[in-house]
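Enquirer: Here the protein sequences line up with chains A and B, keeping their order. Residue 258 in the numbering used here sits at position 258 of the first sequence; the count goes up by one each step and never skips. Residue 593 in the numbering used here sits at position 191 of the second sequence; the count goes up by one each step and never skips. Note that the Cβ used here is the ideal one computed from N, Cα and C, for glycine as well. Following this message is one structure expressed as structure tokens.
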Amino acid sequence: MTGLIEFQHVWKKFRRGEFHNSLRDMVPALASKLLGRQRHDTVEPREFWAVQDVSFSVRPGQALGIIGPNGAGKSTILKLLTRILRPTKGRCGIRGRVGTLIEIAAGFHQDLTGAENIFLQGCIMGMTRKEITARFDDIIAFSELAEFINTPVKRYSSGMNARLGFAIAAHMSPDVLIVDEVLAVGDWRFQRKAFDRIGEMVRGGLPVVIVSHQLDRIASLCTHCLLLDRGRVVKRGHPDECISEYVANAIEVQDPSAAGLPFRVSAVEIEPKGPLRSGDWLTVRLRGEVLASAGPDTRLGVRVRSLQTAQVVFGLDLTAREPGLLEPGSFDATVELQLNTGRGYFSIETPIWNIRERRELGQGPQAVTSVDVAAFNGGTNLHARVRVEMRPAPEDRELWSA
Amino acid sequence: MAESCCPELASTCDGQPICYTRVAAAPLSSRSARRDADVTTIHTNSDSVSPVVTAPAWQESPAVEVDDTWLSSSDQDRSIRHNLRVIIYDELWHYRGLMYELTRRDIRVRYKQTVLGFAWAMLLPSLIVLAGGMVRYAMAYVGGRHLGVEDLAGIAIKAVPWSFFVGSMGFATASLVGQANLVTKIYFPREVLPLAATLAQAFDACLGVVSLLIAFALVGVDYGLAALWVPVLVVCAFFLTAGLALLVSCANLFFRDVKYVVQVLLMFGIFFTPVFFEPEMFGALGARVMMVNPLAPLLEGLRLSVVMDHNLLDPLVVQGRHGVVLAWSPWYLAYSATCAIVALLAGLLLFHRGESKFAEYV
């Protein structure tokens, strides 16, 4: 059967707070149910929409990544898809056998041995006993737990647990694959193995839905992407686009005057916008103003952060290059960076800090770029060429600051 | 491995006009080959040159699917017949392997790291027989009668199904709430959880039956043709128990005090069910009232057919101290069988109805 994933204008309502669930509460509950039909389209004071009018469909060969902050409704969407929850409004579903890499060890019973749990968990995931028997040895080999397979699972470490769970899930032959944050399984080596295995399944031409906070994984596995926020679709499109938008909005850009920041960066633009090759030059254009609160201790910079590791890989102090940035006025800065990095996603941030207090005061907007091919293109370090044009501030501003 | 993708994207959130073009350069890795399959060019003006290879994932109107019954929506109330077909074929039959595994798990777990091992299965029935023997001894003593082997054999044969019933109810009540991690995380028909708990108890009951057969052979109880009624009675008892197991497990998920109500009812249930005694001891009216409990005719039927070699199609009239008592009528069996089937159907249908809310309420 060709697998299909369908999500048509789905809404899902949840209740906040505690339910009353003793028999004493049954009578009022039944009474209210009999008296008025529950309304699907309004939310009571204690209710909220966890998913609002989300639609997508995934065909064979497509892999949809769903990203968004916590509470955006990503896991709810997966639960709706897998029929654990039912939509309040709209229709959704999966045709074909579902392979889920979600909660891969949830069905384990602690008192049973690894081998016994393979059958149990396999059946819970929807495999038949015949299939499990046929793949039993492969599962054990993949999990690398051959010597512990007759040990009760309660004696396993959490990594062993996860390895066994992943090995079982990875040996289903599903029509549709759903993956939720299980990419961090076991040690580093096993994680790579697991990731390769998922990639294999994704490239096998199934319809796939992946939910993850590891954006580089989404970028490398998915063909399409959905950015959610508070249950709504904020953006749909190519993963690169959605990831850029997500990361760019992840940091709340503070109002500089309210936060007491000495700089107001109004725009960060990058050129070219598409994926780069390692060693390519990236042009970053900053536009903004130096406010009156800028002093000799304040600094505006540009830095490059890897989104995989969240580490800063390169930082540049614009103020040191262009002392004019300490005088109030507006500026246009062009920074050309040679990205001699490996493959991955990088955010171009505009940090503002105070060197005397040694703390970061805040951040301006940011942009995201990706380096697609790790072919090393020359250069020994991140190179930067900086050009800053200053325009003096209008008269009234100077008066104001005086 | 070289790849250069430059998507020029202009898309809107609501998925209306989307211009989405991507050019991939050779040579292609497997990944870029896959990405190529999705090269999608949708232009708002229709005179576009590039063909649309696949629809983008966010396309509003999906490709025409004639059969979309696999989609789930909020209004799932269909006919009883449709629901039953779904439950029995799509859920129970399809997931029979899971039911088997869960049953095996419940049995294995019960006997792992235990002192008693399989003797555990015999503990509750043996205690019931002992307690029943004491009660009956006292009754016989007061009534100035002799306590016969049949009396003890009668209690023993009723003790096994009663302990099956008590055990099933106890384990089934906790089956959904106790495995909330499964209920909220993985999809499978939830009926299998209480049913597996019941089946695991049935396994214990089978052990009880085996030991009963050995004991009867030692004591010298003769079986007649009437013992052929046993399968019918066993099936009825299983259906009744399974139906009630589904109901209590579901009820306990929504209302947590159901567990305590069930516990209390089971504790005193033995006094309202003819296990220690026979209904005819309560007189003509009392016997009828006793038989209202749908388990009573099944237990009595077991005793009469196995120990007394009585054909259940014939009524049985006993001469009591205060007159003639109707101890058995075939209608009792019909009543119990009806109750069993109604309980099972109601259990399955109500459970199915509540199932979609389990993950939210558990």
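1) Does the segment 599 to 613 of chain B come into contact with the segment 693 to 704 of chain B, if we say contact requires no fewer than three beta-carbon pairs (one atom in each stretch) closer than 8 Å?
2) Can a CB atom of chain B be found closer than 7 Å to the CB of residue 76 of chain A?
3) Quick one: does residue 280 of chain A have its CB under 7 Å from some CB of chain B?
4) For residue 602 of chain B, which residues in the same chain have their Cβ closer than 6 Å to its Cβ, ignoring the five residues on either side in sequence?
5) Between the beta-carbon of residue 65 of chain A and the beta-carbon of residue 198 of chain A, is there less than 7 Å?
6) For residue 462 of chain A, list the residues DSSP reports as bridge partners.
7) If the cut-off is 9 Å on Cβ atoms, which residues from the segment 76 to 97 of chain A count as contacting chain E, listed in chain order?
8) So is residue 472 of chain B in contact with chain A if we call contact Cβ pairs under 7 Å?
9) Within its chain, find whatever has a CB closer than 7 Å to the CB of residue 325 of chain A; leave out the 5 residues flanking it on each side and keep chain order.
10) Would a C-beta distance cut-off of 7 Å place residue 758 of chain B and residue 86 of chain A closer than the cut-off?
11) On a CA-only basis, which of A/321, A/75, A/354 is nearest residue 390 of chain A? Give me that one, please.
12) Quick one, which residues of the segment 312 to 345 of chain A are near chain B if we go by CB-CB under 9 Å, in chain order?
13) Note the first and the last residue of the continuous beta strand (DSSP E) segment covering residue 357 of chain A.
14) Check whether chain B comes within 7 Å of residue 204 of chain A, counting only Cβ atoms and requiring the distance to be less than that.
15) Return no unless some Cβ of chain B is closer than 7 Å to the Cβ of residue 142 of chain A.
16) Looking at chain A, is there any beta carbon in it that lies within less than 7 Å of the beta carbon of residue 587 of chain B?
17) Against residue 507 of chain B, what residues of chain A qualify as contacts under a CB-to-CB distance less than 7 Å, listed in chain order?
18) Among all the DSSP beta bridges, which residues are the ones paired with residue 152 of chain A?
19) If you run the structure through DSSP and keep just helix, strand and coil, what is residue 351 of chain A?
20) For chain B, find out if any of its Cβ atoms is closer than 7 Å to the Cβ of residue 151 of chain A; answer yes or no.
21) Put residue 364 of chain A into one of helix, strand or coil per three-state DSSP.
22) Residues of chain A with CB under 7 Å from residue 650 of chain B, in chain order?
23) How would you write the range of the alpha helix (DSSP H) that residue 572 of chain B sits in, first residue to last?
24) For residue 93 of chain A, does the three-state DSSP call read helix, strand or coil?
25) Tell me, please, whether the CB atom of residue 583 of chain B is closer than 7 Å to any CB atom in chain A?
26) Keeping to the same chain, check which residues put their C-beta closer than 6 Å to that of residue 267 of chain A; ignore five residues upstream and five downstream.
27) Less than 7 Å between the C-beta atoms of residue 293 of chain A and residue 262 of chain A, yes or no?
28) Using the Cα positions of residue 341 of chain A and residue 282 of chain A, report the straight-line distance between them to the nearest angstrom.
29) For a test of the three-state rule: what should DSSP assign to residue 735 of chain B, helix, strand or coil?
30) According to the neighbour-count rule (16 or more other Cβ atoms, all chains shown, within 10 Å of its Cβ), is residue 564 of chain B buried or exposed?
31) Using 10 angstroms around the beta-carbon of residue 631 of chain B, count the other beta-carbons present and answer buried if the total reaches 16, otherwise exposed.
32) Return no unless some Cβ of chain A is closer than 7 Å to the Cβ of residue 754 of chain B.
33) The alpha helix (DSSP H) with residue 139 of chain A in it runs from where to where?
34) Counting only C-beta atoms, is residue 2 of chain A closer than 7 Å to chain B at any point?
35) Determine the extent of the beta strand (DSSP E) in which residue 225 of chain A is found, giving its start and end residues.
36) Any C-beta of chain A sitting closer than 7 Å to the C-beta of residue 577 of chain B?
Expert: Taking the coordinates as given:
1) no
2) no
3) no
4) 505, 508, 509
5) no
6) Nothing can be reported for residue 462 of chain A: it is not among the residues displayed for chain A, which extend from 1 to 402.
7) Among the chains of the structure shown, chain E does not appear; the protein chains present are A and B.
8) yes
9) 290, 300, 318, 319, 331, 388
10) yes
11) A/321
12) none
13) Premise fails: residue 357 of chain A is in no beta strand (DSSP E) and is neither H nor E.
14) no
15) no
16) yes
17) 109, 112, 120
18) A/113
19) strand
20) no
21) coil
22) Those within 7 Å of residue 650 of chain B in chain A number zero; the least Cβ separation is about 12 Å.
23) 551 to 577
24) strand
25) yes
26) 287
27) yes
28) 12 Å
29) helix
30) buried
31) buried
32) no
33) 129 to 143
34) no
35) 224 to 229
36) no
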